[in-house]
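J.: Protein chains in written order, with this note's numbering: chain S, 98 to 274; chain U, 400 to 783; chain C, 21 to 420.
Input: one structure, supplied below.
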Amino acid sequence: MGYFRNIQETVATIFEGMSVTFSHFMRRPYTVQYPDRVPIRIQDTLPFRYRGILEVDLEICTGCLACERACPIDCIVIEAVKDQQTKAMVLNRFDIDIAKCMYCGLCSEPCPTGSIHHTSEFEGADYSLESMLRRFVKAPVVAYKPKKGPETDPDIAPILDRGMAYLNDFASAGGDE
Amino acid sequence: MSLGGYDVEVQRPGGLATEEMTLNMGPQHPSTHGVLRFIVKADGEVMREAIPDVGYLHRSIEKIAEKVGYHGFMPYTDRVDYVAAMPCNQGWAMVSEKLAGIEVPRRAEYCRVIACELNRIASHLLSVGSMGMDIGAYTPFTHALREREYINDLLEDLCGARLTFNYMRIGGVAWDLPPEWVPKAVAFLDRFEPLIDEYNALISYNKIYVERLANVAVITAEEAIDYNLVGPNLRGSGVKFDVRKDLPYSVYPEFEFDVPIGSGEVGTVGDCFDRYMVRINEMKESCRILRQALAGVPEGSVLAKVPRKFKPPAGDAYVRVESARGDMGWYCVSDGSEYPHRVKIRTGSFTATSIIDKVSRGLMLADLIAVVASFDLVAPEIDR
Amino acid sequence: MKQLVLQLTGEGGALAGVPYHLVAALAMLVFGAIVVFVFVLPVAGVTSWLERRVWARIQSRVGPNRVGPQGFLQWLADGIKNMLKEDIIPTAADRVLFSIAPYLVVIGFVATFAVIPFSSTLVIADLNIGVLYITAVTGLVVVGVLMAGWASNNKWSLLGGIRSAAQIVSYEIPAGLSIFPIVLLTGTLSMQGIIQAQGWAPWHWFLFHSPFTFAAFFIFFVAALAEGNRTPFDLPEAESELVAGFCTEYSGMRYLLFFLAEWGNLYVIGAVVTTLFLGGWQIPHVTDNPVLLAVLQFGVFFLKSYFWVFIAMWVRATLPRVRVDQLMSLCWKYMVPIALVNLVGTAIWMTVVPARVDRLVQIAMTLAGVAVLVRFFLRVRFQLRRAKLRAVDYYYSPII
């Protein structure tokens, strides 16, 4: 009897499986037709926390080197020197090797102003490794100095707001309340 | 239909001289799940032996830990098992917390459990999907991956990455649950749970599929324990052992869930089908845990106060977490400095490779694919 | 065509004086070549595109939709790409066998088109041994595949070639045995003769003639799938086991030829099934215009055979692959005995069952077939409901 049961089971289970597959002719495909047949750019649909290519807002970079220390693979190189006359930090170099970066987000966590942050940009393909080294400092620039009160400079205030919003998204340390 | 074991001794009429054929399956082969190599000695289609050759994906992750410090090692744990990175995150976080004696906030524990269980479902989906693909049915794979994409979307909302999450931190998690995330996750569960039944109707109980898996590579409970199998591979052999249940950690004791074990419903207990079915049932159990966890997330902080210069006192610690591939052990020796003195990771896939040679003797070449898929081997986890 | 050749060679014809047989042979060659280039290649190509689209929809994907309208010209793009690729022959391969193997496979399937009756008049050669001819020339495929597997000097290819040989040789038997009941019923081996013995209505088809022919139909279809190396019998090129089986080492044009044969063969399966069991080109009497009639008959035949191509695609998207030993036990333990029972059963049926009962059985069988279909669609509805889809998840249009 096992003989006929085998035949019966085979036919029955194939029948069932075929009904499942046929029902998919009536379901919407899940494919996102990236990149051209999408209603909005994929980059704009990504969540705020998305960890894309790193970006540095030099206007609010304090030159504290926290990100350089936090980076586990040393893909960030910063050269910050103290100007002897003005006592201000001057950034001579801020390089991020995107080819090395593993998008872990550990650098943006300790940043005091949210200057270094991940963007939602992920299309980073390029023709050479050299061009993946992103040099943010073109000419030496004076580092940002956090103010006591709210930021007054209208050029910097929105950047700082965005940076702080990025920072606030991270969990803040605290015990069980 | 004839099944399972074959007579290895092949009678040759007239003393015809024959040779065994040595086949190199891998490291580049469509169904070795990464770069894994098998040296197969085959007599036609019947295998005499299949010796796994590991090490093609060795990246010295344990050594890297000694160079990057406790905080910096967290993204590397994603790479230990990139199919289920959350439990690896959790293992490292837990072993560091145990070393330093840090109390983790309850909300963070809930976040961890939710993330881990979602990731477990994603990993099992990949496993059962690629099982179908290795047996020759391509459609279940895409259906499983479609659901996995939804989970990836959820985890992306949670931590900004789809594969290498780096979500957990020593002392908690890096991001709180985003607003409106919990209803989204519940909606996903509502959508996903009936699809498990559909998946079973499509492939799991398909006669051809059952015949391919039932009674193939039977591992008894004793053998499974002797060879140190863990996770679904161990439970497929009928041993009811789950770290979440038997050596509870995190907030798992607060949830009600069963530990599915292999029942031999179509063949013998411990065959490929049982290991496969355990994963299917575990997805349902994970859904149960998720529903309870999502309903009961407590208020509070998600990160304990941990100094940025993290220096645990000298000593050692060992923790076990239930990864998607089973009991994952994390051992860390601290010498009181900023960097771990020694880290050792004990993974389920590595021990599972050791039994492949034993169970695959006398099976057919096509069965080796089924056996490898049923163990859910993930090459980076074998080699680390 | 005979008339055309007679006209050409007769008094005042363009080729007067040339021997009739020479002209006839040439005309056959030209007509055959036209059929191959105008019909066979596009059919195989379009089948490849359609298969990918059908697969994609079943798998919640979109499939090729960029080249031409809805990706319809994808097969041309793929074909041109493959033709421009380098044709690599491994150093250790047997160059001669390696080079000619794909052509044997293609010949094996193209030659079958010689006897496929597209309408009552559109047929290259209505051989009186048409069915036998088809089983014979498809045997060339196994030679080509075995040759490819052996000549590649690659262990995976060899395994694929050997598997294919064992498989095709075994499955010729149930396939052949399932044709015999039809031959018994009609008393002819000619494809046209078999179609003429059926009618346009489903209850006139041999599919619903008796329970035995019904079973024979399924056995033939499954065996044909196995001979065409289609899932669930795609062991020779089992991607997850043997990398690409017998065509692992092939590239460029030769690789394309194997796949041309595979997809073209799919249509041949459909056409033979339609001829033997589904009434072929038979249509109700609507017109006496020979051209219109030929077009209508061709259309009906094409749709029927393409329906089975679609079924084969759908089966491929659903089922996993059997193992080698299961393949053999399925053939020898299940299909051959059942096919034999069918053969004997049909013979007894013909002598025992009177014509009136016969007609009743045919109508009952047709109704049973309809019932199976209805049950199937109810099951599909059940699957859709079980999945708890939202309204936005439904999408009926094939265009995307």
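Just so it is clear, CB atoms sit at the ideal spot from N, CA and C, and this is done for glycine as well.
None of these values were measured; they are calculated from a predicted model.
#1: If you compare alpha carbons, which of S/T107, S/M123 and S/A109 is closest to C/L404?
#2: Exposed or buried, what is U/Y393 when buried is set at 16 or more other beta-carbons lying within 10 Å of its beta-carbon?
#3: Just mark S/M98 as buried or exposed, buried being the case when its beta carbon has 16 or more other beta carbons within 10 Å.
#4: Of all Cβ atoms in chain C, is any one closer than 8 Å to the Cβ of U/G425?
#5: Output, in chain order, the set of chain U residues within a Cβ distance shorter than 8 Å of S/M199.
#6: Determine the direct distance from the alpha carbon of S/D266 to that of U/R707, and round the result to whole angstroms.
#7: On a CA-only basis, which of U/Y455, U/P451 and U/T421 is nearest U/K440? Give me that one, please.
#8: Return the chain-ordered list of same chain residues with a C-beta closer than 6 Å to the C-beta of C/V74, the five sequence neighbours on each side being excluded.
#9: Shorter than 8 Å from the beta carbon of U/T541 to some beta carbon of chain C?
#10: In this structure, how does DSSP classify C/Q94 when only helix, strand and coil are distinguished?
#11: What is the rounded straight-line gap between the Cα of C/T371 and the Cα of C/E282?
#12: Just how far apart, CA to CA, sit C/V306 and C/Q218?
#13: Mind checking the region 546-559 of chain U against chain S and listing, in chain order, the residues whose C-beta falls within less than 8 Å of any C-beta there?
#14: State the start and end residues of the unbroken alpha helix (DSSP H) segment that holds U/P486.
#15: Can you find a CB in chain B that lies within less than 8 Å of the CB of S/F267?
#16: To which residues of the same chain is C/N362 closer than 6 Å at the C-beta, ignoring the five residues directly before and after it?
#17: Going along chain C in order, which residues have a C-beta closer than 8 Å to the C-beta of S/P286?
#18: In chain order, what residues of the same chain have a beta carbon less than 6 Å from the beta carbon of U/D715, not counting five sequence neighbours either side?
#19: Assuming U/N565 contacts S/G202 (C-beta within less than 8 Å), just tell me the rounded distance between them.
#20: In chain C, which residues lie with their C-beta within 7 Å of the C-beta of S/T118?
#21: Excluding the 5 residues preceding and the 5 following C/L166 in the sequence, name in chain order all residues of the same chain whose CB lies nearer than 6 Å to its CB.
#22: If we cut at 8 Å on Cβ distances, does C/T268 have a partner in chain U?
#23: Of all the options C/R77, C/V63 and C/Q216, which has the alpha carbon lying nearest to the alpha carbon of C/D413?
#24: Determine whether the Cβ of S/I111 lies closer than 8 Å to any Cβ atom of chain C.
#25: Counting pairs of Cβ atoms below 8 Å between the region 229-249 of chain S and the region 145-155 of chain S, do you hit three or more?
#26: Where U/K583 and U/C510 are concerned, what is the direct C-alpha to C-alpha distance, given to the nearest angstrom?
#27: Quick one: residues in its chain with C-beta nearer than 8 Å to the C-beta of U/F709, no 5 flanking neighbours on either side, listed in chain order?
#28: Need the endpoints of the alpha helix (DSSP H) that C/E269 sits in, please.
#29: Give a yes or no on whether 8 Å exceeds the smallest Cβ distance from S/Q130 to chain C.
#30: Against chain S, with Cβ distances strictly below 8 Å, would U/E597 count as a contact?
#31: List, from N- to C-terminal side, the alpha helix (DSSP H) runs of 4 residues or more that fit wholly inside the region 612-660 of chain U.
#32: Can you pull the chain S residues whose beta carbon is under 7 Å from the beta carbon of C/Q403, in chain order?
#33: Near U/D406, which residues of its chain fall below 7 Å by C-beta distance, leaving aside the five closest residues on each side in sequence?
#34: State the beta-bridge partners of S/I315 as determined by DSSP.
#35: Can you name the residues that DSSP bridges to U/S733?
#36: Beta-carbon separation of U/C686 and U/L588 under 8 Å?
T.: In this structure, then:
#1: As a position in the third sequence, residue 404 of chain C is number 384, starting the count at 1. Per the Cα distances, S/M123.
#2: An answer regarding residue 393 of chain U cannot be provided, because it is not within the stretch 400 to 783 covered by chain U.
#3: Stepping through the first sequence from its first residue, residue 98 of chain S is reached at position 1. Exposed: under 16 other Cβ atoms inside 10 Å.
#4: The residue given as residue 425 of chain U occupies position 26 in the second sequence. By this cut-off, U/G425 is not an interface position.
#5: Against the first sequence, residue 199 of chain S aligns to sequence position 102. Result: P474 and T563.
#6: One-based indexing of the second sequence puts residue 707 of chain U at position 308. One-based indexing of the first sequence puts residue 266 of chain S at position 169. A direct Cα-to-Cα measurement between U/R707 and S/D266 gives close to 18 Å.
#7: In the second sequence, residue 440 of chain U corresponds to position 41, counting from 1. In this structure, U/T421 is the residue among U/Y455, U/P451 and U/T421 with its C-alpha nearest to the C-alpha of U/K440.
#8: The residue you call residue 74 of chain C lines up with position 54 of the third sequence. So the qualifying residues of the chain are M333.
#9: One-based indexing of the second sequence puts residue 541 of chain U at position 142. Yes, because at least one Cβ of chain C sits closer than 8 Å to the Cβ of U/T541.
#10: Reading the third sequence from its first residue, position 74 is the one you call residue 94 of chain C. In the displayed model, C/Q94 falls within a helix according to three-state DSSP.
#11: The residue labelled residue 371 of chain C in the question sits at position 351 within the third sequence. The residue labelled residue 282 of chain C in the question sits at position 262 within the third sequence. Between C/T371 and C/E282, the C-alpha separation is close to 40 Å.
#12: If you number the third sequence from 1, residue 306 of chain C lands on position 286. If you number the third sequence from 1, residue 218 of chain C lands on position 198. Near 17 Å, if we compare the C-alpha coordinates of C/Q218 and C/V306.
#13: So the close ones are E548, E555, D556, L557, C558 and G559.
#14: Mapped onto the second sequence, residue 486 of chain U falls at position 87. Element bounds for U/P486: A484 to A499.
#15: This model lacks chain B altogether, as its protein chains are S, U and C.
#16: Here residue 362 of chain C refers to the residue found at position 342 when the third sequence is read from its first residue. A distance below 6 Å between beta-carbons, with the five flanking residues on each side excluded, links C/N362 to the following residues of its chain, in chain order: P201, F232, A235 and A236.
#17: Outside the displayed range of chain S (98 to 274) lies residue 286 of chain S, so it cannot be described from this structure.
#18: Walking along the second sequence from the start, residue 715 of chain U turns up at place 316. Once the five neighbours on either side are set aside, the close Cβ partners of U/D715 are V732.
#19: Locating residue 565 of chain U in the second sequence gives position 166, where the first residue counts as 1. Locating residue 202 of chain S in the first sequence gives position 105, where the first residue counts as 1. With 8 Å as the limit, U/N565 and S/G202 qualify as a contact, their Cβ atoms being about 6 Å apart.
#20: For this step, residue 118 of chain S is matched to residue 21 along the first sequence. Here the neighbours are I78, W334, A337 and T338.
#21: Translated into the one-based positions of the third sequence, residue 166 of chain C becomes position 146. Correct list, in chain order: G181 and A185.
#22: Reading the third sequence from its first residue, position 248 is the one you call residue 268 of chain C. It does not: the Cβ of C/T268 has no partner Cβ on chain U nearer than 8 Å.
#23: The residue given as residue 413 of chain C occupies position 393 in the third sequence. It is C/R77.
#24: Here residue 111 of chain S refers to the residue found at position 14 of the first sequence. At least one chain C Cβ lies under 8 Å of S/I111.
#25: Touching, yes, given that three or more Cβ pairs across the two stretches are closer than 8 Å.
#26: As a working mapping, residue 583 of chain U is identified with position 184 in the second sequence. As a working mapping, residue 510 of chain U is identified with position 111 in the second sequence. Straight through space, the alpha carbons of U/C510 and U/K583 are spaced by roughly 15 Å.
#27: Residue mapping note: residue 709 of chain U aligns to position 310 of the second sequence, counting from 1. Excluding sequence neighbours, U/F709 sits near G468, Y469, H470, S495, A499, I569 and E737.
#28: Sequence index remark: in the third sequence, residue 269 of chain C carries index 249 (1-based). C/E269 -> no alpha helix (DSSP H), and no H or E assigned at all.
#29: Within the first sequence, numbered from 1, the residue matching residue 130 of chain S stands at position 33. Output row for S/Q130: interface = yes.
#30: On the second sequence, position 198 is the one that residue 597 of chain U refers to. It does; some Cβ of chain S falls within 8 Å.
#31: Scanning the region 612-660 of chain U for uninterrupted alpha helix (DSSP H) segments of 4 residues or longer gives 620-625, 630-635 and 642-645, listed from N- to C-terminal end.
#32: On the third sequence, position 383 is the one that residue 403 of chain C refers to. Those within 7 Å of C/Q403 in chain S are S116, V117 and S120.
#33: Numbered from its first residue, the second sequence carries residue 406 of chain U at position 7. Confidence at U/D406 is low in this model, with a pLDDT of 44, below 50, so its placement is unreliable and no value can be given for it.
#34: Lying outside 98 to 274, the shown extent of chain S, residue 315 of chain S is not represented and no answer is given.
#35: In the second sequence, counting from the first residue as 1, residue 733 of chain U sits at position 334. Answer by DSSP bridge pairing, in chain order: U/G714 and U/P739.
#36: Residue 686 of chain U sits at position 287 when you count from the first residue of the second sequence. Residue 588 of chain U sits at position 189 when you count from the first residue of the second sequence. Cβ distance < 8 Å, so U/C686 and U/L588 count as in contact.
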